[in-house]
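Numbering (my numbering), first residue to last: 3 to 578.
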């Protein structure tokens, strides 16, 4: 989902290894009778500067302001590059690297996310590049080049692809003879971390955070004096604890030079048993989902109680990522919401639930960087979402991750959450159209993996461009056929009709493209459930139990005088 109007949605130095040793010097025995000594040969080094983006974008230039240093995901250290392509920009980030003439260099980078390219130009011989169409985990790109007789610098670059998802890059290497700059200096043992604090707790876990330490590449977390876990960021969640029990925690900083002394210890107590949220209101057979904006992007600012009764599921947008992979938190934007207080927000959740509505927390959006790609991050995700449910009373979670999703570990995370929250848990998903074209896609696989606990998939039929329908024909967004032929893929691909919804913008300002009038949405609902009001595409059968519709957002709906919910809400309730 988008945060901005029109296109709506939401340091320290790390050590570097020296390849080939330090200096290969001639042995003293090589001294000849003529008094000559064999020439010392310098070892290969990484000639790239700020190769891990620990100093932000220093030494790098990114087109159109497309690049930023982020704390998650990272492959090593505490930072990585995130670059976001636009329609006319491929998010190219480059650096001029000093090299030696007539020399060979190995070029590599670790990448993740959308399409990612790595290359070198100005080599004086043959310029090179390599790429990957995208990955949900860190993948290494590698190539090599040879410099010309007069080449003393080359341009090393990464870029994505126009209009595609953001890509991440880390640990870029240009390994070969020292071109004049040499490598960054090696590390020294870091100082002890400061600012250790305890955050959200569950019956079996405690979330911890601390201040970054200059020169550290990792941290060790201790529980009652014994090492409990490690982290490459400035937070961690210690799991496997006993309910209603006090523990003592401390943390140390590490790098290639060694481990610091431990921080000052703090005490934290796990939650008591039986304090989790109870089951929420039942989701209606046919339901309308609306995203509520926890930010001001030009749409009408709302309290939760301003959301009309036509909405059955309200997805609070969005949770925030923490430095711990997979972990999320929530921060109400009181200033942006005209002084809407945390106490009012919590009370309004209860009011909506008393009216039979479900209020859930949405994870992701256009700017979301939550990554769940291993067992630790899956547990951190489940624990932190459940902690928000217990804290605020949310009835469930919405998965709106637009920068990559790993089906294996998101499945684990949602099943862990379901085990904690029980049968009343509401799980919704909002994939983009490209994510649901095939059952082999990570989003589609996740939906099928959790079919027994999944509430609804409200695919975003906008900001898309043309896509294939279930009949193999290409359909353009903004039509009844686009809605029905793409929904058919999910309906025939294994999801129950009650788990399929149609997601559209609430107004022309709610998305960059793909807006359709409410009458088109209603026609698509009729076509799928009753076989009437279809366009050129008509499904081979009807799906009377289709769940309903979704919109981005309740705020844009309010801006347009609630035209969307006034038309679509009653129509959804009238479905068979």
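Don't be surprised by glycine CBs; every beta carbon is placed ideally from N, CA and C.
The model shown is predicted, which means the values in this text are computed figures rather than measured ones.
Bounds of the beta strand (DSSP E) holding residue 161 are 155–161. Contact check for residue 530 and residue 544: beta-carbon distance about 7 Å, within the 8 Å limit, so the pair qualifies. In the DSSP assignment, residue 170 forms a beta bridge with 84, 114. The beta carbon of residue 382 sits closer than 6 Å to those of 239, 326, 328, 329, all from its chain and outside the five residues before and after it, given in chain order. Residue environment: residue 440 is assigned as exposed (fewer than 16 neighbouring CB atoms within 10 Å of its CB, all protein chains considered). Boundaries cannot be given for residue 427, as no beta strand (DSSP E) includes it and DSSP labels it neither H nor E. Residue 296 sits close to residue 335, with the two beta carbons spaced by under 7 Å. Between residue 169 and residue 113, the CB-CB gap stays under 7 Å. Residue 524: not part of any beta strand (DSSP E); member of the alpha helix (DSSP H) spanning 520–532, first to last residue. For residue 402, the enclosing beta strand (DSSP E) begins and ends at 398–403. From the listed residues 347, 77, 541, 257, the smallest Cα separation to residue 473 is found for 541.
Spanning the alpha carbons of residue 503 and residue 550 requires a straight line of approximately 5 Å.
Counting only runs that start and end inside the region 285–371, the beta strand (DSSP E) elements of at least 3 residues fall at 289–295, 315–319, 360–367. Assignment of residue 140 by DSSP, reduced to helix, strand and coil, places it in the strand class. Counting C-beta pairs with one atom in each stretch, the region 141–161 and the region 87–96 have three or more that are closer than 8 Å, which means they touch. Residue nearest to residue 288 within the set 58, 501, 67, 401 is 501 (criterion: CA-CA distance). Shown here, residue 564 sits in coil according to DSSP, grouped into three states, outside any helix or strand.
A residue is called buried when at least 16 other Cβ atoms come within 10 angstroms of its Cβ; residue 229 does not meet this threshold and is exposed. According to DSSP, residue pairing for residue 222 in a beta bridge involves 232, 254.
Secondary structure of residue 59 (DSSP, three-state): coil. The alpha carbon of residue 292 has as its nearest neighbour, out of 309, 467, 52, the alpha carbon of 309.
The count of Cβ pairs closer than 8 Å, one atom from the region 477–488 and one from the region 516–525, reaches three, so the stretches are in contact.
Take the alpha-carbon of residue 357 and the one of residue 316: they are about 12 Å apart. If you look at residue 486, you'll find it in the alpha helix (DSSP H) that goes 482–494. Residue 451: member of the alpha helix (DSSP H) spanning 444–451, first to last residue. Residue environment for residue 282: buried (at least 16 other C-beta atoms within 10 angstroms of its C-beta).
Within the same chain, Cβ atoms closer than 7 Å to the Cβ of residue 409 are found at 444, 447, 448, 451, the five residues on either side in sequence being excluded. For residue 132, the enclosing beta strand (DSSP E) covers residues 130–134. The beta carbon of residue 427 is closer than 6 Å to those of 398, 420 in its chain, skipping five residues each way along the sequence.
Around the beta carbon of residue 250, fewer than 16 other beta carbons sit within 10 angstroms, so the residue counts as exposed.
The beta carbons of residue 126 and residue 106 sit no closer together than 7 Å. The closest CA to that of residue 218, considering only 47, 365, 80, is found on 80. In the same chain as residue 467, and ignoring 5 residues on each side of it, the C-beta atoms closer than 7 Å to its own belong to 479, in chain order.
For residue 191 and residue 50, the gap between their C-alpha atoms comes out near 24 Å.
The beta carbons of residue 350 and residue 422 sit no closer together than 7 Å.
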